[in-house]
Amino acid sequence: HAWRNALTGAPLNLTPDQVVAIASNIGGKQALETVQRLLPVLCQDHGLTPDQVVAIASHGGGKQALETVQRLLPVLCQDHGLTPDQVVAIASNIGGKQALETVQRLLPVLCQAHGLTPDQVVAIASNIGGKQALETVQRLLPVLCQDHGLTPAQVVAIASNSGGKQALETVQRLLPVLCQDHGLTPDQVVAIASHDGGKQALETVQRLLPVLCQDHGLTPDQVVAIANNNGGKQALETLQRLLPVLCQDHGLTPDQVVAIASHDGGKQALETVQRLLPVLCQDHGLTPDQVVAIASHDGGKQALETVQRLLPVLCQDHGLTPAQVVAIASHDGGKQALETVQRLLPVLCQDHGLTPDQVVAIASNSGGKQALETVQRLLPVLCQDHGLTPDQVVAIASNGGKQALETVQRLLPVLCQDHGLTPDQVVAIASNGGKQALETVQRLLPVQRLLPVLCQDHGLTQDQVVAIASHDGGKQALETVQRLLPVLCQDHGLTPDQVVAIASHDGGKQALETVQRLLPVLCQDHGLTPDQVVAIASNGGKQALETVQRLLPVLCQDHGLTPNQVVAIASNSGGKQALETVQRLLPVLCQDHGLTPNQVVAIASNGGKQALESIVAQLSRPDPALAALTNDHLVALACLGGSPALDAVKKGLPHAPELIRRINRRIPERTSHRVPDLAHVVRVLGFFQSHSHPAQAFDDAMKQFEMSRHGLVQLFRRVGVTEFEARYGTLPPASQRWDRILQASGMKRAKPSPTSAQTPDQASLHA
Numbered sequence: 001h002a003w004r005n006a007l008t009g010a011p012l013n014l015t016p017d018q019v020v021a022i023a024s025n026i027g028g029k030q031a032l033e034t035v036q037r038l039l040p041v042l043c044q045d046h047g048l049t050p051d052q053v054v055a056i057a058s059h060g061g062g063k064q065a066l067e068t069v070q071r072l073l074p075v076l077c078q079d080h081g082l083t084p085d086q087v088v089a090i091a092s093n094i095g096g097k098q099a100l101e102t103v104q105r106l107l108p109v110l111c112q113a114h115g116l117t118p119d120q121v122v123a124i125a126s127n128i129g130g131k132q133a134l135e136t137v138q139r140l141l142p143v144l145c146q147d148h149g150l151t152p153a154q155v156v157a158i159a160s161n162s163g164g165k166q167a168l169e170t171v172q173r174l175l176p177v178l179c180q181d182h183g184l185t186p187d188q189v190v191a192i193a194s195h196d197g198g199k200q201a202l203e204t205v206q207r208l209l210p211v212l213c214q215d216h217g218l219t220p221d222q223v224v225a226i227a228n229n230n231g232g233k234q235a236l237e238t239l240q241r242l243l244p245v246l247c248q249d250h251g252l253t254p255d256q257v258v259a260i261a262s263h264d265g266g267k268q269a270l271e272t273v274q275r276l277l278p279v280l281c282q283d284h285g286l287t288p289d290q291v292v293a294i295a296s297h298d299g300g301k302q303a304l305e306t307v308q309r310l311l312p313v314l315c316q317d318h319g320l321t322p323a324q325v326v327a328i329a330s331h332d333g334g335k336q337a338l339e340t341v342q343r344l345l346p347v348l349c350q351d352h353g354l355t356p357d358q359v360v361a362i363a364s365n366s367g368g369k370q371a372l373e374t375v376q377r378l379l380p381v382l383c384q385d386h387g388l389t390p391d392q393v394v395a396i397a398s399n400g401g402k403q404a405l406e407t408v409q410r411l412l413p414v415l416c417q418d419h420g421l422t423p424d425q426v427v428a429i430a431s432n433g434g435k436q437a438l439e440t441v442q443r444l445l446p447v448q449r450l451l452p453v454l455c456q457d458h459g460l461t462q463d464q465v466v467a468i469a470s471h472d473g474g475k476q477a478l479e480t481v482q483r484l485l486p487v488l489c490q491d492h493g494l495t496p497d498q499v500v501a502i503a504s505h506d507g508g509k510q511a512l513e514t515v516q517r518l519l520p521v522l523c524q525d526h527g528l529t530p531d532q533v534v535a536i537a538s539n540g541g542k543q544a545l546e547t548v549q550r551l552l553p554v555l556c557q558d559h560g561l562t563p564n565q566v567v568a569i570a571s572n573s574g575g576k577q578a579l580e581t582v583q584r585l586l587p588v589l590c591q592d593h594g595l596t597p598n599q600v601v602a603i604a605s606n607g608g609k610q611a612l613e614s615i616v617a618q619l620s621r622p623d624p625a626l627a628a629l630t631n632d633h634l635v636a637l638a639c640l641g642g643s644p645a646l647d648a649v650k651k652g653l654p655h656a657p658e659l660i661r662r663i664n665r666r667i668p669e670r671t672s673h674r675v676p677d678l679a680h681v682v683r684v685l686g687f688f689q690s691h692s693h694p695a696q697a698f699d700d701a702m703k704q705f706e707m708s709r710h711g712l713v714q715l716f717r718r719v720g721v722t723e724f725e726a727r728y729g730t731l732p733p734a735s736q737r738w739d740r741i742l743q744a745s746g747m748k749r750a751k752p753s754p755t756s757a758q759t760p761d762q763a764s765l766h767a
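Taking full-length UniProt numbering, I'd label the letters of the sequence shown as residues 1 to 767.
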């Protein structure tokens with residue numbers, strides 16, 4: 001009590017919780033004495049905050065860490081270029097003193113002799129065992145890079161966790177065994193090792209991979225996915241124990257059990273599913289699929305327990321549906337989001353005019369709690385001071401969350417007044433690329449800096465800059481366009497529009513760099529056209545390009561596909577997975593189930609991996625709801641709406657022919673070219689997907705299928721494609737087309753748009 005009074009009173013003014021946090025460690029008494037003595041010095045002379053001093057002191061060895069910070073902070077900042085925040089991060093762990101001294105000693109060596117950056121050295125040191133990890137990096141980095149083919153960045157990733165020393169030594173010992181004997185790739189071994197407890201996870205993979213694959217039917221990729229998290233060892237052991245129980249007693253599939261286990265806390269999530277699945281299904285009316293969805297995230301255990309506790313309250317007192325509660329819970333931080341919805345839903349609806357559906361939309365994302373609290377705080381400011389509508393605030397919060405909202409508040413005036421953007425453009429960027437993209441646009445748009453480079457020198461428009469920025473990774477994509485646009489245009493013959501098309505997607509940076517590297521190979525060695533490479537990169541990105549390079553010879557020589565068909569499969573989001581699934585399932589679908597290679601390509605080009613696996617599952621174990629459909633109808637349904645369409649029919653929507661007839665009745669009878677059957681729809685879709693010049697596909701299709709322009713537009717309208725998309729060959733994914741089909745047939749409400757106006761897609765579909 002005496003210590004608490006001395007530290008909580010003037011001049012230190014710590015909180016009781018901070019005093020307890022410092023005292024609750026080995027050497028807590030000495031740490032409290034040192035805080036009392038050094039807090040004024042560290043704050044006044046070295047610029048630290050009281051919170052930073054408390055963070056350093058709140059670990060075993062806090063006294064020694066504080067004294068070392070006082071001694072070494074000036075040296076590390078002035079002589080080695082670190083920031084005070086980096087020094088605090090290193091010191092704020094058990095063994096902070098030793099880590100700081102080792103950084104002072106080894107930072108020059110690791111940077112000059114081994115090519116690491118100061119940031120990488122700090123990342124390694126800022127964990128329990130930082131000293132040992134740094135020394136092990138110095139010793140093993142040359143061995144792991146030269147003998148085992150790792151990159152310095154991979155070595156840093158392994159070392160930058162608690163237990164980094166042990167993880168590095170285990171990678172050196174087990175990488176050859178896991179790759180040669182168990183078929184893993186070096187990248188997979190690195191991924192497993194790059195977590196707290198990496199050593200134990202690697203050893204457990206070596207021990208259990210054969211058992212889980214041979215006895216339980218898992219794939220090596222699934223074992224890696226489970227191990228590739230904090231607590232991977234425990235998750236693997238728990239999966240081995242509970243997989244038979246969860247499948248036989250509770251009706252889950254092995255894939256569902258793997259999904260639950262493949263997150264931080266996988267062990268606890270699996271055990272909680274075993275315990276609560278019967279309760280949530282029998283007492284609360286959830287389905288096993290919904291329980292799996294909730295559990296398949298970081299913090300799955302806590303989310304399940306919170307659903308059990310709050311579902312009755314949220315449904316009875318607040319009018320939510322069980323499906324909405326599940327949607328909120330099915331994200332990282334689901335527990336906190338549910339509790340925040342219970343607390344803030346009345347306030348946001350009564351005081352701020354939101355609807356329960358909007359509150360649910362905001363909460364149904366990772367970081368939902370923080371997004372809801374920020375909406376409560378900033379909605380009045382953004383609407384009254386900045387002229388946004390509540391719908392726009394909801395759209396930003398439902399995608400970019402707390403950070404995007406705060407960044408819009410800060411940057412909207414600058415971007416509009418100084419750089420000529422409209423509020424709608426700022427909302428569009430924030431609703432996709434979020435905080436990073438907004439900040440990058442602010443940095444890249446000033447006339448005196450990069451705007452002349454991107455617009456005047458490279459011929460881009462301001463709208464194109466916005467389009468590139470309006471995606472996850474928008475910041476990196478803009479910087480990469482600035483660097484690579486001249487190279488891709490002059491050396492590789494692309495147009496600026498093609499470079500923009502590649503960059504205007506999630507992962508645009510990586511896609512551009514991969515095009516630069518692989519375009520010559522794919523064109524010269526594999527016979528693709530630059531347009532086809534652009535089509536793959538503009539949809540499937542880096543992974544799809546690399547997979548085409550690897551699998552095109554196999555799919556053409558061993559499976560009889562054409563290069564155009566391989567391109568069609570790859571030119572979609574998820575192209576990599578679709579190609580790998582075609583390689584695996586094409587023989588099964590053709591030899592065992594009588595489909596043609598063209599049908600397999602059509603399914604893969606529209607519905608991807610999930611649609612192919614759903615078709616195999618249906619043909620192997622027919623679901624009664626789909627049993628009446630012929631193979632041709634199944635293929636057509638998979639092409640129209642992918643796996644979501646097949647699942648929707650299983651869950652009670654009208655069968656595909658009835659749905660198509662309903663949509664067909666919405667098309668005016670004046671069209672002279674009615675499509676005679678679903679197989680013809682599939683052929684038209686396949687023609688577009690495999691066309692080497694998408695912008696010409698529409699005109700060529702009119703000749704190929706002897707259809708008028710109006711008839712072809714009407715065909716596409718009834719399968720969820722707008723006239724603009726059809727004319728330019730930019731067909732949306734099957735899942736998006738399926739949503740539009742349901743909306744056009746009156747079976748599903750349209751999702752809220754970031755702006756209040758109806759979208760062109762909705763307008764054309766409802767015309």
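Glycine included, each C-beta is placed from N, C-alpha and C at the ideal position.
Small disclaimer: the values here were computed from a predicted structure and weren't measured.
Runs of alpha helix (DSSP H) with 4 or more residues, each lying fully within the stretch 553-615, are found at 563-570 and 575-587, listed in chain order.
A buried status is given to residue 739, since no fewer than 16 other beta-carbon atoms sit within 10 Å of its beta-carbon. Taking every protein chain shown into account, the CB of residue 400 has 16 or more other CB atoms within 10 angstroms, so this residue is buried. A residue is called buried once 16 or more other Cβ atoms fall within 10 Å of its Cβ, and residue 708, having fewer, is exposed. The Cβ-Cβ distance between residue 149 and residue 195 does not fall below 8 Å. Of all alpha-carbon atoms in 689, 115, 69 and 419, the one lying nearest the alpha-carbon of residue 571 is that of 689.
Straight-line spacing of the CA atoms in residue 586 and residue 240 works out to 31 Å. For the 8 Å CB-CB criterion, residue 107 and residue 69 do not form a contact. Exposure of residue 29 is indicated by the presence of fewer than 16 other C-beta atoms within 10 angstroms of its C-beta. In this structure, the CA atom of residue 694 is about 22 Å from the CA atom of residue 609. If you look at residue 328, you'll find it in the alpha helix (DSSP H) that goes 322-329. C-alpha of residue 331 to C-alpha of residue 302: approximately 11 Å in a straight line. Note on residue 620: under 16 other CB atoms within 10 angstroms of its CB, so exposed under the neighbour-count rule.
By the Cβ neighbour-count rule, residue 724 is exposed, with fewer than 16 other Cβ atoms within 10 Å of its own.
Taking the Cα of residue 181 as reference, the smallest distance to any Cα among 339, 210, 77 and 171 is reached at 210.
In the three-state scheme derived from DSSP, where H, G and I count as helix and E and B as strand, residue 717 is classed as helix. Per DSSP, residue 416 is not a residue of any alpha helix (DSSP H), being assigned neither H nor E.
For residue 698, the enclosing alpha helix (DSSP H) has its first and last residue at 697-704.
Assignment of residue 46 by DSSP, reduced to helix, strand and coil, places it in the coil class. For residue 278, the secondary structure class from DSSP, reduced to helix, strand or coil, is helix. At least 8 Å separates the beta-carbon of residue 465 from that of residue 425. Closest by C-alpha distance to residue 479, out of 513, 463 and 591, is 513. The beta carbon of residue 320 is closer than 6 Å to those of 314 in its chain, skipping five residues each way along the sequence. Here DSSP, grouped into helix, strand and coil, assigns residue 382 to helix. Our two residues, residue 276 and residue 254, have alpha carbons roughly 18 Å apart in a direct line. Residue burial annotation: residue 113 is exposed, with fewer than 16 other C-beta atoms found within 10 angstroms of its C-beta. In this structure residue 54 is buried. Its beta-carbon is surrounded by 16 or more other beta-carbon atoms within 10 angstroms. Contact annotation: residue 543 and residue 509 have beta-carbon atoms that are not nearer than 8 Å. A Cβ-Cβ separation of about 5 Å places residue 93 in contact with residue 128 under the 8 Å criterion. Look at residue 150 here: in three-state DSSP terms it is coil, with no helix or strand label. If only complete runs of 4 or more residues are kept, the stretch 73-128 shows the alpha helix (DSSP H) at 84-91, 96-112 and 118-125, in order along the chain. Annotated as distal: residue 213 and residue 204, with beta-carbon spacing of 8 Å or more.
Around the beta-carbon of residue 498, 16 or more other beta-carbon atoms lie within 10 Å, marking it buried. Just measuring C-alpha positions, the residue of 385, 351, 299 and 389 sitting nearest residue 367 is 299. DSSP places residue 367 outside any alpha helix (DSSP H), giving it a letter other than H or E. With a contact defined as Cβ atoms closer than 8 Å, residue 583 and residue 552 miss out at about 11 Å.
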